[in-house]
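Participant:
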Amino acid sequence: MSRAGWTWLEDRAYRDLFKEGRKRAPCIIYIDEIDAMGKKRSGGVGPMDSSTGEGEQTLNQLLVEMDGMASKEGVLMLASTNRADVLDKGIRLDHEPKVYSRRLAQLTPGFSGADIANVVNEAALHAARDLKATVTRADLEYAVERVVGGTEKRSTVMPLEEKKVVAMHESGRALMSWLTPSASVLLKVTIVPRTNLSLGFSQYSHQEQKLYSKEELFAKMCMALGGRVAEIITFNRSSTGAEKDLKKVTDLAYAMVRRFGMSEKIGLLSYVPPGGESEGKRPYSKQLAGRIDLEARTLVSRAFRFTEEILLKNRDKLNTLSMKKLPQKGKETKVDLGRVERGLPQIGCGVKQEEIAATRQGFMDQALLKGASHCAAIGEERS
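For the numbering used here, count along the sequence shown from 1 and bump the result up by 60.
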């Protein structure tokens, strides 16, 4: 049921509107641009002023209908306006929910309408379990994690030493994402095991990017190696937790050398055989295959040394961040790298990727490295 030009209809029309709504319960009555009919009664003059006889009568009838609504009737009234300052006090818009649209958009790239509905439903259930009056940002972010990664594996008992390794691994990746120019921005990192994910989980900002430079691909390799390098320099050993990271690094290295022509020794050639890479189908000789292997290994070694150098220089930040990820009293401390207090741009506050990149480049040796030392002070979620 919709109708244009409600503003100056007689009060009977509003009685009919709410009467129809009660008949169709449960339903929602939505009034867009409510300021057109709900302006302050200010004693002005003119046909569009709500203090005139017709305008005031219309507003009074609207207020009467709103006051007469009861939750048990199954009718919910919603209204929107861009000019809340001109509304009459009688409308009482005392509940103005804050929607973290930019932040939530970053955390839900590619989500369908059904996925978003599932997130909102999960957030409402989480808020209800905690006996909250409203759904907060923390509830919504918990719901995103649950939809993406599944439920928490509460039955999984991880030894303390293993927790330390996982925390160090994820912290190494997190720190490299901030200290490496051209790297993707890390939004959240957790070591809470979930049904659809491994022991750790890192979520990066989504970029609608189709073209990558050599520097950007190299940065991706360094980020992926951050976990393995952090384990080695801290515990002097490596674990199987880097399996997926190493596969990503290997694929990137071979793609740069074999497909994208980013190796000076191999040249501006691209080998993408349609039949696959199995023996006998390669469109190049065994000698060239050996040179490609050598170039790929050299590229990975260079990325490893670069990552090792960065993390060794910032070992104190690495240790501090990993300790923040260890569960305290059975619950993991929330660390959201999109809300660093000093030295780093704050994601989700209108900051563009270009500004983030400029900040990294300009403060790599000064403010950025100093800001990373405050990872331990990263804001815990405030509802």
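Just so it is clear, CB atoms sit at the ideal spot from N, CA and C, and this is done for glycine as well.
1) Have a look at the DSSP bridge pairing and note the partners of residue 92.
2) Under 8 angstroms Cβ to Cβ from residue 95, same chain only, skipping five residues before and after it: list those, please.
3) Following the continuous alpha helix (DSSP H) through residue 223, name the residue where it begins and the one where it ends.
4) Please state the DSSP three-state secondary structure of residue 271.
5) Looking only at its own chain, which residues have a Cβ that is under 7 angstroms from the Cβ of residue 329, when we skip the five neighbours before and after it?
6) Is residue 252 helix, strand or coil by DSSP?
7) Can you check whether the CB of residue 360 is closer than 8 angstroms to the CB of residue 313?
8) Is residue 89 buried or exposed, if buried means 16 or more other CB atoms sit within 10 Å of its CB?
9) Assuming residue 85 is part of the alpha helix (DSSP H), what are its boundary residues?
10) Would you check if the distance between the CB atom of residue 318 and the CB atom of residue 370 is smaller than 8 angstroms?
11) Leaving aside the five residues before and after residue 6 along the sequence, list all residues of the same chain whose C-beta is less than 6 angstroms from its C-beta, in chain order.
12) Tell me the residue span of the alpha helix (DSSP H) that contains residue 318.
13) Since residue 283 contacts residue 236 with CB under 8 angstroms, what's their CB separation in whole angstroms?
14) Can you check which of these residues, 217, 135, 117, 203, is closest to residue 175 by C-alpha distance?
15) From the DSSP output, which residues share a beta bridge with residue 147?
16) Is the beta carbon of residue 134 less than 8 angstroms from the beta carbon of residue 119?
17) For residue 135, list the residues DSSP reports as bridge partners.
18) Whole angstroms are fine: how far does the CA of residue 250 sit from the CA of residue 36?
19) Quick check: what's the CA-CA separation for residue 137 versus residue 79?
20) Which residues in the same chain as residue 378 place their Cβ atom closer than 7 angstroms to its Cβ, once the five residues preceding and following it in sequence are excluded?
21) If you run the structure through DSSP and keep just helix, strand and coil, what is residue 283?
22) Would you decide whether residue 76 is buried or exposed? Buried here means 16 or more other CB atoms lie within 10 Å of its CB.
23) Hey, could you find the ends of the alpha helix (DSSP H) residue 350 is sitting in?
24) By the 10 Å Cβ neighbour count, where 16 or more other Cβ atoms means buried, how is residue 164 classified, buried or exposed?
25) Considering only the alpha carbon of each residue, which of 327, 348, 309, 349 lies closest to residue 362?
Facilitator: This is what the structure gives:
1) 140
2) 141, 142, 143, 144, 146, 147
3) 220-239
4) coil
5) 321
6) coil
7) yes
8) Counting the other CB atoms within 10 Å of its CB gives residue 89 a total of 16 or more, which places it among the buried residues.
9) Note, residue 85: premise wrong, no alpha helix (DSSP H); not H, not E.
10) Their beta carbons are not under 8 angstroms apart, which means residue 318 does not touch residue 370 by this criterion.
11) Not covered by the structure: residue 6. The range shown for the chain is 61 to 443.
12) That residue, residue 318, is in no alpha helix (DSSP H); it is neither H nor E in DSSP.
13) 5 angstroms
14) 203
15) Answer is 99.
16) Result no, Cβ atoms of residue 134 and residue 119 do not sit closer than 8 angstroms.
17) 87
18) Since the first and last residues shown for the chain are 61 and 443, residue 36 lies out of range.
19) Computed Cα separation, rounded: 13 angstroms.
20) 231, 232, 235, 290, 371
21) helix
22) exposed
23) 346-373
24) buried
25) The shortest Cα separation from residue 362 among 327, 348, 309, 349 belongs to 309.
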